[in-house]
Amino acid sequence: MKTHKLFECPSHTWLMFGRDDEKPEAIIDTNQYMVVTKNNSLLMDPGGIELFSAMLAAVIKQVPANKITHLFASHQDPDIISSLGLWDQALPSATLHSPWLWESFIRHFGMNNINYSAIPDEGNTLKLDGVSLEFIPAHYLHSSGNFNVYDPEAKILMSGDIGAAMEPVDAPLFVEDFDEHAKKMRMFHQRWMPSNEAKNDWVRRVRKLDVEMMCPQHGRIFKGDDVKRFLDWFENLEVGVLNKG
Amino acid sequence: MTDLSQNYFVSVAEIAAKLDQATTIAQKLSLTASNARAVALRAGERAAGFRPLTDFIDRLAEITISSSKKINQMAATLSQTSAEKVRADGAIKHFNSVYKIANESPYIDSLDEVYERCKSEQDRLEKTYRRQIEQLSEELETLSSELRNAVILATLSRVEASQAGSQYQDALINVADNVEGAAGKIKNHIKYSQQMVSTLEEY
Ligand SMILES: [Fe+2]
Ligand SMILES: [Fe+2]
Chain A
1 MKTHKLFECP
11 SHTWLMFGRD
21 DEKPEAIIDT
31 NQYMVVTKNN
41 SLLMDPGGIE
51 LFSAMLAAVI
61 KQVPANKITH
71 LFASHQDPDI
81 ISSLGLWDQA
91 LPSATLHSPW
101 LWESFIRHFG
111 MNNINYSAIP
121 DEGNTLKLDG
131 VSLEFIPAHY
141 LHSSGNFNVY
151 DPEAKILMSG
161 DIGAAMEPVD
171 APLFVEDFDE
181 HAKKMRMFHQ
191 RWMPSNEAKN
201 DWVRRVRKLD
211 VEMMCPQHGR
221 IFKGDDVKRF
231 LDWFENLEVG
241 VLNKG
Chain B
1001 MTDLSQNYFV
1011 SVAEIAAKLD
1021 QATTIAQKLS
1031 LTASNARAVA
1041 LRAGERAAGF
1051 RPLTDFIDRL
1061 AEITISSSKK
1071 INQMAATLSQ
1081 TSAEKVRADG
1091 AIKHFNSVYK
1101 IANESPYIDS
1111 LDEVYERCKS
1121 EQDRLEKTYR
1131 RQIEQLSEEL
1141 ETLSSELRNA
1151 VILATLSRVE
1161 ASQAGSQYQD
1171 ALINVADNVE
1181 GAAGKIKNHI
1191 KYSQQMVSTL
1201 EEY
């Protein structure tokens, strides 16, 4: 599991974990993100059960265990949060922020100790040591209850499955040639994203945000103009299409 | 006899299933008792000695049903405990590998508190698990000894049946056979369960 620092300022740091060359072949490679503030941390889409040991080991190199106070699951998928049962044993006093829609489903992953903070459909804001992290609605992209995390100060949008691409584990961290990269995203978005209406509404809202980096849960990070290129590409893409890639 | 499972919480579920079958057999035994009572009534004076035996058959059926239910409940609780134990064992295994991967981490000590807490939870579950197995084992033993009475009951039933006259003899001997057969089947289930429990004790 590799760790990259994406952003740093006096109040907080953004870290990305991923490109795990030790993960079993058959599971999809995922990017995990963490915001570290003075006394707290928010671990976003902490990943599957298969990844838990590698993730905890990577995280504990950055912060002590008792500083991982908050978890976020953008939606209910196993690659997002099937590790919950183990985080529940490791961090019994942590809070999990996740869509209200999925609470009774996500609890199936095993949650005896962690506190579930249900995000309402319209989203809300988490304040960690004065740092604002906004949970932005991204419903039906792809999950019917789904959120992104936006940090207006770092100008980072953690976009979950939006912007995802299936890539080899040694792929570069950032998008280098957008048109080349778009080929790898096409099938994923057409097949997994069910609603053009939801997609276009999301594009309209995200255009109003100041986004310097868009960080998906699979594949590469979009930087600067590539964020805008992605929004244009996504807007023009017809989704909810049954294809085999 | 099917092979004993290697996985302990599957074994627990199998015990519950076996005892469920025992309950079904005991319910049939209870039917046998009321049939026997009807036959004995028709046989009149000559089967007077048989009538109190039907009460004993009834009592045996009742004890078996209530004890099977109790064992079933115990197996369900044990199954819950063993599932929790599997989770705790799994977590400990994961933490051990984190210690290995992240041993040079500046915050590795912060894991000690987490580890200690999970370890003591694991110990608690281990103790609960042992205690529950012991209770289950005792209850199985109790039911097993109750069933020993079934053999005596069947023998006495045969003796009384021979006094009842040729018209009713076959029906009453049939009752005795049923009691013996049912008790034998239940005993086999219990024996199997006891073997399962003894494999659980090895964990
Ligand atoms: Fe997903
Ligand atoms: Fe995903």
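Order-wise, the sequence lines are chains A and B.
In terms of this note's numbering, the first sequence has 132 at position 132, counting the first letter as 1, and numbering is strictly consecutive.
In terms of this note's numbering, the second sequence has 1049 at position 49, counting the first letter as 1, and numbering is strictly consecutive.
C-beta atoms are modelled at their ideal positions from N, C-alpha and C, and glycine is treated no differently.
Model, not experiment: these values are computed from the prediction.
When the Cα of Leu56 of chain A is compared with those of A:Phe72, A:Lys208, A:His75 and A:Leu86, which residue comes out closest?
-> Taking the first residue of the first sequence as 1, we reach residue 56 of chain A at position 56. Here the closest residue by C-alpha is A:Leu86.
Which chain A residues are close to Ile1152 of chain B, counting only those with a beta carbon under 7 Å from its beta carbon?
-> The residue you call residue 1152 of chain B lines up with position 152 of the second sequence. What Ile1152 of chain B touches in chain A: nothing, since even the nearest Cβ is about 50 Å away.
Which residues have their C-beta within less than 5 Å of a heavy atom of ligand 1, listed in chain order?
-> Qualifying residues, in the order they occur: A:Asp77 and A:Asp161.
DSSP state of Phe1056 of chain B mapped onto helix, strand, coil = For the purposes of this step, residue 1056 of chain B is taken as the residue at position 56 of the second sequence. If DSSP states are grouped into helix, strand and coil, Phe1056 of chain B belongs with the helices.
Using a threshold of 8 Å, state whether the C-beta atoms of Tyr1168 of chain B and Arg1051 of chain B are closer than that.
-> In the second sequence, residue 1168 of chain B corresponds to position 168, counting from 1. In the second sequence, residue 1051 of chain B corresponds to position 51, counting from 1. No.
Beta-carbon proximity check, Leu1053 of chain B vs Leu1156 of chain B, cutoff 8 Å = Here the question's residue 1053 of chain B lines up with position 53 in the second sequence. Here the question's residue 1156 of chain B lines up with position 156 in the second sequence. Cβ atoms of Leu1053 of chain B and Leu1156 of chain B: closer than 8 Å.
Arg1087 of chain B at chain A interface by Cβ criterion, 8 Å | Looking up residue 1087 of chain B in the second sequence gives position 87. Cβ-Cβ to chain A under 8 Å: yes for Arg1087 of chain B.
Please list the residues of the segment 80–101 of chain A that have a C-beta atom closer than 7 Å to any C-beta atom in chain B, keeping them in chain order.
-> Correct list: Gly85, Leu86, Gln89 and Ala90.
For the alpha helix (DSSP H) holding Ser1145 of chain B, just list the boundary residues, first then last.
-> Here residue 1145 of chain B corresponds to residue number 145 of the second sequence, with the count starting at 1. Ser1110 to Gln1163 is the span of the alpha helix (DSSP H), which, as asked, contains Ser1145 of chain B.
May I ask which residues mark the beginning and end of the alpha helix (DSSP H) holding Leu43 of chain A?
-> Working through the first sequence from its first residue, we reach residue 43 of chain A at position 43. In the DSSP annotation of this structure, Leu43 of chain A is not part of any alpha helix (DSSP H); the continuous beta strand (DSSP E) holding it starts and ends at Ser41 to Met44.
Flag Phe52 of chain A as yes if its beta-carbon sits less than 8 Å from any beta-carbon of chain B, otherwise no.
-> Mapped onto the first sequence, residue 52 of chain A falls at position 52. Any Cβ of chain B closer than 8 Å to the Cβ of Phe52 of chain A would place that residue at the interface, and such an atom is present.
Leaving out five residues on either side along the sequence, give the residues of the same chain with a beta carbon under 7 Å from the beta carbon of Leu1125 of chain B.
-> Along the second sequence, read from residue 1 onward, the residue named residue 1125 of chain B stands at position 125. Sequence-distant Cβ neighbours of Leu1125 of chain B in its own chain, meaning closer than 7 Å and more than five residues away, are Thr1081, Glu1084, Lys1085 and Ala1088.
Can you grab the Cα-Cα spacing for the pair Glu212 of chain A / Asp225 of chain A, in whole Å?
-> Counting from one through the first sequence, the residue named residue 212 of chain A turns up at place 212. Counting from one through the first sequence, the residue named residue 225 of chain A turns up at place 225. Each residue's Cα considered, the two are about 8 Å apart.
Nearest to Pro78 of chain A (by Cα), restricted to the options A:Gln217, A:Val169 and A:Ile156 | Working through the first sequence from its first residue, we reach residue 78 of chain A at position 78. A check of alpha carbon separations from Pro78 of chain A across A:Gln217, A:Val169 and A:Ile156 identifies A:Gln217 as the nearest.
Own chain, CB closer than 6 Å to Ala1154 of chain B, minus 5 neighbours either side, in chain order | Within the second sequence, numbered from 1, the residue matching residue 1154 of chain B stands at position 154. The residues are Ala1176, Val1179 and Glu1180.
Cβ contact check for the segment 183–198 of chain A and the segment 17–27 of chain A: 3 or more pairs under 8 Å = Between the segment 183–198 of chain A and the segment 17–27 of chain A there are fewer than three C-beta pairs closer than 8 Å, too few to call the two in contact.
Beta-carbon proximity of Asn148 of chain A to Ser159 of chain A, cut-off 8 Å = Working through the first sequence from its first residue, we reach residue 148 of chain A at position 148. Working through the first sequence from its first residue, we reach residue 159 of chain A at position 159. Cβ distance < 8 Å, so Asn148 of chain A and Ser159 of chain A count as in contact.
Between the beta-carbon of Ile1063 of chain B and the beta-carbon of Leu1019 of chain B, is there less than 8 Å?
-> Counting from one through the second sequence, the residue named residue 1063 of chain B turns up at place 63. Counting from one through the second sequence, the residue named residue 1019 of chain B turns up at place 19. In this structure, Leu1019 of chain B does not lie closer than 8 Å to Ile1063 of chain B by Cβ.
Is the distance from the Cβ of Ala329 of chain A to the Cβ of Ser98 of chain A below 8 Å?
-> Residue coverage of chain A in this structure runs from 1 to 245, which leaves residue 329 of chain A outside it and unanswerable.
Could you list which residues in chain A have their beta carbon closer than 9 Å to that of Ser1110 of chain B, in chain order?
-> For this step, residue 1110 of chain B is matched to residue 110 along the second sequence. Those within 9 Å of Ser1110 of chain B in chain A are Ile60, Val63, Pro64, Ala65, Asn66 and Lys67.
Excluding the five sequence neighbours on either side, which residues of its own chain have a C-beta within less than 7 Å of the C-beta of Phe76 of chain A, listed in chain order?
-> Residue mapping note: residue 76 of chain A aligns to position 76 of the first sequence, counting from 1. Here residue 76 of chain A is Gln; the residue named in the question, Phe, does not match the sequence. Here the set comprises Trp102, Phe105, Ile106 and Ser143.
With 16 as the cutoff for other CB atoms within 10 Å, does Gly219 of chain A come out buried or exposed?
-> Numbered from its first residue, the first sequence carries residue 219 of chain A at position 219. Using a 10 angstroms sphere on the CB of Gly219 of chain A, the tally of other CB atoms reaches 16 or more, which defines it as buried.
Along chain B, in chain order, which residues have C-beta atoms closer than 9 Å to that of Leu15 of chain A?
-> Residue 15 of chain A sits at position 15 when you count from the first residue of the first sequence. Chain B residues near Leu15 of chain A: none, gap ~14 Å exceeds 9 Å.
Just grab the DSSP bridge partners of Pro99 of chain A for me.
-> For this step, residue 99 of chain A is matched to residue 99 along the first sequence. In the DSSP assignment, the residues bridged to Pro99 of chain A are A:Ile119.
Which of the three DSSP states, helix, strand or coil, is assigned to Asn1174 of chain B?
-> Locating residue 1174 of chain B in the second sequence gives position 174, where the first residue counts as 1. Helix at Asn1174 of chain B.
Beta carbon of Cys215 of chain A nearer than 8 Å to that of Leu157 of chain A = Against the first sequence, residue 215 of chain A aligns to sequence position 215. Against the first sequence, residue 157 of chain A aligns to sequence position 157. Yes.
For Gly130 of chain A, which residues from the same chain have a beta carbon less than 7 Å from its beta carbon, with the 5 sequence-adjacent residues on both sides left out?
-> If you number the first sequence from 1, residue 130 of chain A lands on position 130. Around Gly130 of chain A: Ser11.
Go through its chain and collect everything with a Cβ distance to Leu6 of chain A's Cβ below 6 Å, but skip five positions before and after it.
-> To locate residue 6 of chain A, count along the first sequence from 1; it is residue 6. Contacts found: Trp14 and Met16.
Give the single residue among A:Ile80, A:Lys38 and A:Ser82 whose Cα lies nearest to the Cα of Pro64 of chain A.
-> Translated into positions along the first sequence, residue 64 of chain A becomes position 64. Of A:Ile80, A:Lys38 and A:Ser82, the smallest CA-CA separation from Pro64 of chain A is found for A:Lys38.
Under the criterion of a Cβ to heavy atom distance below 7 Å, does Asp170 of chain A qualify as lining ligand 2?
-> Indexing the first sequence from 1 puts residue 170 of chain A at position 170. Answer for Asp170 of chain A: no, Cβ out of range of ligand 2.
What is the rounded straight-line gap between the Cα of Ala1171 of chain B and the Cα of Ala1048 of chain B?
-> Counting from 1 along the second sequence, the entry for residue 1171 of chain B is found at position 171. Counting from 1 along the second sequence, the entry for residue 1048 of chain B is found at position 48. Those two C-alpha atoms are separated by around 15 Å.
So, Ile68 of chain A versus Asp45 of chain A, is the Cβ gap smaller than 8 Å?
-> Residue numbering aside, residue 68 of chain A sits at position 68 when the first sequence is read from its first letter. Residue numbering aside, residue 45 of chain A sits at position 45 when the first sequence is read from its first letter. Judged by beta-carbon spacing, Asp45 of chain A lies beyond the 8 Å limit of Ile68 of chain A, meaning their Cβ atoms are not closer than that value.
Interface residues of the segment 16–30 of chain A facing chain B [CB-CB below 8 Å] | Listed by position, the residues of the segment 16–30 of chain A near chain B (Cβ gap below 8 Å) amount to none.
Which word fits Ser53 of chain A, buried or exposed, when buried means at least 16 other C-beta atoms lie within 10 angstroms of its C-beta?
-> Looking up residue 53 of chain A in the first sequence gives position 53. Per the 10 Å Cβ criterion, buried.
Can you tell me where the alpha helix (DSSP H) with Asp179 of chain A in it begins and where it stops?
-> For the purposes of this step, residue 179 of chain A is taken as the residue at position 179 of the first sequence. Counting along the chain, Asp179 of chain A sits inside the alpha helix (DSSP H) bounded by residues Phe178 to Trp192.
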